[in-house]
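Residue 160 in full-length UniProt numbering sits at position 160 of the sequence shown, with consecutive numbering throughout.
Written below as structure tokens is the structure these notes are about.
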Amino acid sequence: MVREDPARDGREVAPVPSGVRGARVVALVEGVSDQVAVERLAVRRGRDLPGEGVLVLPMGGATNVGRHLRALGHLGVPASGLLDIGEERFVRRGLVSAGARGPVTGSDLRHAGFFFCIADLEDELTRGLGVSATEDVLAANGDLELFRRFQRQPAQRVRPVAHQLHRFLGTTAGRKALPGCSSSTSTWTVCPSRSTPCSGT
1 MVREDPARDG
11 REVAPVPSGV
21 RGARVVALVE
31 GVSDQVAVER
41 LAVRRGRDLP
51 GEGVLVLPMG
61 GATNVGRHLR
71 ALGHLGVPAS
81 GLLDIGEERF
91 VRRGLVSAGA
101 RGPVTGSDLR
111 HAGFFFCIAD
121 LEDELTRGLG
131 VSATEDVLAA
141 NGDLELFRRF
151 QRQPAQRVRP
161 VAHQLHRFLG
171 TTAGRKALPG
181 CSSSTSTWTV
191 CPSRSTPCSG
201 T
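Structural data, given as structure tokens:
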């Protein structure tokens, strides 16, 4: 990645945590729930990300990737990323805005350390656990009745339960259960037992 001073051309850069300066590499993800899933999976696989100098940084959405790449480039900190496949276009644009010479190809994305999940986190959770176990998790978090009300919405009634769960977990109300992945006592600790299916594009 080109290390430039983004302040010189007036382009917006993202604020970054103080811990970024000491990182060997920063792994960019879309949101906090993605950060939790990646960090929890690393623990389950015996990896010590902080000890390895890896910081998982949520961006607050894929549209912010350019701002984060420019900020990290300014600090001289290498970046990689794990995002949903539907957000690939934002990464391409972000790399160009951070100094890469376009057009950015799929091979360029892989070489830059960016990989894309075939499905999103919510789909991974529901497929990994199954419908019944996912509902058990919602019940344990006090969210099952909220999900039942969600199921009664006209747009949801004709959908399979697995699709309803996927949609519910993607809502603001549903996502409040996801940060429990970071708790060693939470039922969600079983959710990252499978690796997220990812591939270079």
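Beta carbons are placed, not taken as given, at the ideal position from N, Cα and C, and that holds for glycine.
### Query
Which residue or residues does DSSP assign as beta-bridge partners of Gly81?
Leu28, Phe114
### Message
I need the boundaries of the beta strand (DSSP E) containing Leu165, first residue and last residue.
### Response
It is not in any beta strand (DSSP E) - Leu165 instead sits in the alpha helix (DSSP H) that spans 161 to 169.
### Query
Looking only at its own chain, which residues have a Cβ that is under 6 Å from the Cβ of Gly113, when we skip the five neighbours before and after it?
Ser80
### Task
Take Val77 as the anchor and find which of Thr105, Gln156, Gly19 has the nearest alpha-carbon.
Gly19
### Message
Quick check on Lys176: does DSSP put it in helix, strand or coil?
### Response
Confidence at Lys176 is low in this model, with a pLDDT of 49, below 50, so its placement is unreliable and no value can be given for it.
#### Entry: For Leu169, the nearest candidate out of Leu146, Phe90, Arg152, Pro154 (CA to CA)
Nearest of Leu146, Phe90, Arg152, Pro154 to Leu169, Cα basis: Leu146.
### Task
Output the boundary residues of the alpha helix (DSSP H) element that contains Leu146.
Element bounds for Leu146: 144 to 151.
### Task
Can you grab the Cα-Cα spacing for the pair Gly86 / Leu28, in whole Å?
Distance between the alpha carbons of Gly86 and Leu28 is about 16 Å.
### Query
Smallest Cα separation from Glu39: which of Ser97, Gly130, Val56?
Val56
### Task
Given a cut-off of 8 Å, decide if Arg93 and Gly66 are closer than it, judged by their beta-carbon atoms.
yes
### Rounded C-alpha distance that separates Val32 from Met59
8 Å
### Task
Kindly indicate which three-state DSSP category Leu55 falls into: helix, strand or coil?
strand
### Query
By how many angstroms is the C-alpha of Val25 removed from the C-alpha of Val104?
21 Å
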